[in-house]
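Chains A and B are the protein sequences, given in the same order.
Be aware that the first sequence starts at 2, since it is given in my numbering, and climbs by one per residue.
Be aware that the second sequence starts at 319, since it is given in my numbering, and climbs by one per residue.
All residues carry an ideal CB built from backbone N, CA and C; glycine is no exception.
Below you'll find the structure, written out as structure tokens, and then a few comments.
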Amino acid sequence: MFSLLHPGKNRVLAFTGLLISSALLTTGCASTDKRDPASPTSAQGNPKVDPYEGFNRSMYGFNMGLDKYLLKPVATGYQYITPDFMETGVSNFFTNLKGINVVLNDVLQGKFGQSAEDTGRFLTNTTLGVAGLFDVASSFGMQNNVEDFGQTLAVWGVDQGAYLVLPILGPTTIRDGGGSILDRAANPGTYVPGTGILEGINDRANADGALNFIDEAALDPYVFTRESFLQYRTNLINDGKTDTSGYDLDLDSALDETQPANAGGQKSGKTESGSPKATNGITDSNATAPTATSSTSQAFNDMSKSFDRAEQEFEQASEKMDRYASRKRRRR
Amino acid sequence: MSRKLYFGISFLLMLLSSTATFAEESAKQVVEEFQNQLIDVMKQGKSLGFQGRYDKLDAPVKKTHDLPKIARIVVGKQWEELTPEQQTKLEDVFTKLSVSSYAHNFKDYSGESFTFLSEEETGRGGVVIHTNLLIPGEKDVKFDYMMKKKDDGWQIINIIADGVSDLALKRSDYTSVLSREGFDALIIKITEKIDSYAKQ
Numbered sequence: 002m003f004s005l006l007h008p009g010k011n012r013v014l015a016f017t018g019l020l021i022s023s024a025l026l027t028t029g030c031a032s033t034d035k036r037d038p039a040s041p042t043s044a045q046g047n048p049k050v051d052p053y054e055g056f057n058r059s060m061y062g063f064n065m066g067l068d069k070y071l072l073k074p075v076a077t078g079y080q081y082i083t084p085d086f087m088e089t090g091v092s093n094f095f096t097n098l099k100g101i102n103v104v105l106n107d108v109l110q111g112k113f114g115q116s117a118e119d120t121g122r123f124l125t126n127t128t129l130g131v132a133g134l135f136d137v138a139s140s141f142g143m144q145n146n147v148e149d150f151g152q153t154l155a156v157w158g159v160d161q162g163a164y165l166v167l168p169i170l171g172p173t174t175i176r177d178g179g180g181s182i183l184d185r186a187a188n189p190g191t192y193v194p195g196t197g198i199l200e201g202i203n204d205r206a207n208a209d210g211a212l213n214f215i216d217e218a219a220l221d222p223y224v225f226t227r228e229s230f231l232q233y234r235t236n237l238i239n240d241g242k243t244d245t246s247g248y249d250l251d252l253d254s255a256l257d258e259t260q261p262a263n264a265g266g267q268k269s270g271k272t273e274s275g276s277p278k279a280t281n282g283i284t285d286s287n288a289t290a291p292t293a294t295s296s297t298s299q300a301f302n303d304m305s306k307s308f309d310r311a312e313q314e315f316e317q318a319s320e321k322m323d324r325y326a327s328r329k330r331r332r333r
Numbered sequence: 319m320s321r322k323l324y325f326g327i328s329f330l331l332m333l334l335s336s337t338a339t340f341a342e343e344s345a346k347q348v349v350e351e352f353q354n355q356l357i358d359v360m361k362q363g364k365s366l367g368f369q370g371r372y373d374k375l376d377a378p379v380k381k382t383h384d385l386p387k388i389a390r391i392v393v394g395k396q397w398e399e400l401t402p403e404q405q406t407k408l409e410d411v412f413t414k415l416s417v418s419s420y421a422h423n424f425k426d427y428s429g430e431s432f433t434f435l436s437e438e439e440t441g442r443g444g445v446v447i448h449t450n451l452l453i454p455g456e457k458d459v460k461f462d463y464m465m466k467k468k469d470d471g472w473q474i475i476n477i478i479a480d481g482v483s484d485l486a487l488k489r490s491d492y493t494s495v496l497s498r499e500g501f502d503a504l505i506i507k508i509t510e511k512i513d514s515y516a517k518q
């Protein structure tokens, strides 16, 4: 098994080294403008967490359209034609492939005990579990840990960076996006053509419950998705260890928001002097960088403009999908 | 004689009041009682139907959650900009939504159980009760209950499921709708959610 992996692994490692530096570069660049000592984990209408909200929202709309008309039907079809045990097998297989990645990131984060456990888990499922099709390790009581390069970068102190919604790939942050390139490089499945599609369909099928939940519970699905994604990632980075001081701060800030206004009087003045409410994420990203030199703000402008263009194109694509779907329905 | 009686009565009263404080539930008991009620409803979930589950959960949810406080936290600073009628309306639909979502999400039983993990005091007199929801064949889900003490005992103010804070999530969601579309749209959207929960 290992001799089989070896040539690939060398290539992976060389590739990884190259990418780490480039990822750090991009994340570094992106975070310099927005460095905030008290950077909150929750976006909470904070333009610093989601400066490209306008772009992200239209990308979210595009993804949801794509999901509705293409991904969801495909995933449902896959669930329909695939026997349950095979579906679980496929899921287990792809989860197991990520095992190498998990061990690698355990080590990079200095969790040596956990890395030994995860190595045991990976070896058990690869051998006894027939190349990972059966998750025998879980029935032995070895739990599945989720570790990836995005979390490692966080542990190393890289800022979260802006929240981004990528076409097809969905929600991420600048830090996680950099990390996911490395995740892909360290996953053997990447080097076998065609597996990506099956993995994508499988991932979509597994996400069905979560997506339905968002559909049911969210008033603003975009914000709901963003908040739950960011909180979920923070929880993974902290390995589920929630510190209670965070709860109180969170709650107190919520209470403080209502209490000073409670006293009445300077209410209107307060809202005006408060952080400028962003009506549009993109114009706001310009507004937040007035201290930058003219060349960087120029660069920002250009970037916003190209974001704007992309946004329009994706919006048109969403509209086209809707029109096409409604035409098809009428024909029936 | 009458003085003796007076002392006797006041002694009795003192005794009563002290037992009353002893009888007051701890934060842990409040959570555990509520979780037992949830599991109970889940077990009879199918036969009860949505309305049956709603009716059974209505009183326990209102008793154990500080819903008026939660309702004002989720709209953030915009609470003060609402008229008193709007505030009452929001509290009202928010309460209905909370009970509905419990009735919708805890609808059937497949061996789930809650276990108590630990209790933790937070800075400002709050308590966090850490529990696990065990689902057979699936990963445990962590449920952390943030409790605050009110006059009539401990009440849930926030639930954090696997690190995702319900209060923070709702606050972003609700403030976003409020600032983008206004109060009426918020109420319409909440009512739609209640209706769609009831339909399923």
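In the three-state reduction of the DSSP assignment, asparagine 450 of chain B falls in the strand class. The beta carbons of aspartate 149 of chain A and aspartate 184 of chain A sit about 5 Å from each other, so the pair counts as a contact at 8 Å. Judged by beta-carbon spacing, arginine 176 of chain A lies beyond the 8 Å limit of glycine 158 of chain A, meaning their Cβ atoms are not closer than that value.
Annotation: the continuous beta strand (DSSP E) that includes glutamine 473 of chain B extends over 471-479. The Cβ atoms of glutamate 118 of chain A and methionine 143 of chain A lie closer than 8 Å to each other.
Here DSSP, grouped into helix, strand and coil, assigns methionine 143 of chain A to coil. Contact check for threonine 406 of chain B and leucine 385 of chain B: beta-carbon distance about 13 Å, past the 8 Å limit, so the pair fails to qualify. The beta carbon of phenylalanine 135 of chain A does not come within 8 Å of any beta carbon belonging to chain B, so the residue lies off that interface. If you ignore the 5 residues before and after lysine 387 of chain B, its C-beta comes within less than 7 Å of the C-beta of Ile475, all in its own chain and listed in chain order. Residues Asp384, Gly444, Gln473, Ile475 of the same chain have their beta carbon placed closer than 7 Å to that of lysine 466 of chain B, with the five preceding and five following residues left out of the count. The closest CA to that of glutamate 314 of chain A, considering only A:Ser139, A:Glu54, A:Gly62, A:Pro52, is found on A:Gly62. Of all residues in the region 505-517 of chain B, the ones placed with a Cβ closer than 8 Å to any Cβ belonging to chain A are Lys507, Ile508, Lys511, Ser514, Tyr515, in chain order. Against lysine 460 of chain B, the close residues of chain A are Gly241, in the order they occur along the chain (beta-carbon pairs closer than 7 Å). Approximately 7 Å separates the beta-carbon atoms of phenylalanine 94 of chain A and alanine 132 of chain A; this is inside 8 Å, confirming the contact.
The secondary-structure analysis by DSSP pairs lysine 466 of chain B across a beta bridge with B:Gln473. In the three-state reduction of the DSSP assignment, proline 84 of chain A falls in the coil class. Between valine 379 of chain B and tyrosine 420 of chain B, the beta carbon gap of about 6 Å places them in contact (Cβ cut-off 8 Å). For phenylalanine 123 of chain A, the closest Cβ of chain B is not nearer than 8 Å. Non-local beta-carbon contacts of lysine 425 of chain B in its own chain, meaning distances under 6 Å to residues more than five positions away in sequence, involve Gly363 in chain order. Taking a cut-off of 8 Å for Cβ pairs, the region 179-193 of chain A and the region 63-76 of chain A do not touch, as fewer than three such pairs fall below it. Glycine 66 of chain A: member of the alpha helix (DSSP H) spanning 54-67, first to last residue.
The beta carbon of leucine 356 of chain B sits closer than 6 Å to those of Phe424, all from its chain and outside the five residues before and after it, given in chain order. Selection B:Arg390, B:Val411, B:Gly481, B:Ala503 evaluated against isoleucine 238 of chain A yields B:Gly481 as nearest (Cα-Cα). With respect to valine 224 of chain A, methionine 60 of chain A sits apart: the two C-beta atoms are not nearer than 8 Å. Within the region 406-426 of chain B, Ser419, His422, Asn423 place their CB atoms closer than 9 Å to a CB of chain A, listed in sequence order. Contact between tyrosine 372 of chain B and valine 417 of chain B is confirmed by a C-beta separation of about 6 Å, below the 8 Å threshold.
Residues of chain A whose Cβ lies closer than 9 Å to the Cβ of serine 431 of chain B do not exist; the shortest such Cβ separation is about 18 Å. Within chain A, no C-beta atom comes less than 8 Å from the C-beta of alanine 389 of chain B; the nearest is roughly 11 Å away. In the structure shown, the three-state DSSP call for glycine 171 of chain A is strand. Contact residues of the region 455-489 of chain B toward chain A are Lys457, Lys460, Asp462, Met464, Ile475, Asn476, Ile478, Asp480, Gly481, Val482, Ser483, Leu485, Ala486, Leu487, Arg489 (C-beta to C-beta distance below 8 Å). For a Cβ distance threshold of 8 Å, residue set Ala219, Leu220, Asp221, Val224, Phe225, Glu228 of chain A lies close to aspartate 491 of chain B, ordered along the chain. Considering only beta carbons, no part of the region 47-74 of chain A lies closer than 9 Å to chain B.
Here the alpha carbon of isoleucine 447 of chain B sits roughly 5 Å from the alpha carbon of tyrosine 463 of chain B. Cβ neighbours of arginine 122 of chain A within its own chain (closer than 6 Å, five residues either side excluded): Ala138, Met143. With a beta-carbon spacing of about 7 Å, valine 349 of chain B and threonine 449 of chain B fall inside the 8 Å limit used to define contacts.
Around the beta carbon of alanine 326 of chain A, a 10 Å sphere encloses fewer than 16 other beta carbons of the protein chains shown; the residue is thus reported as exposed.
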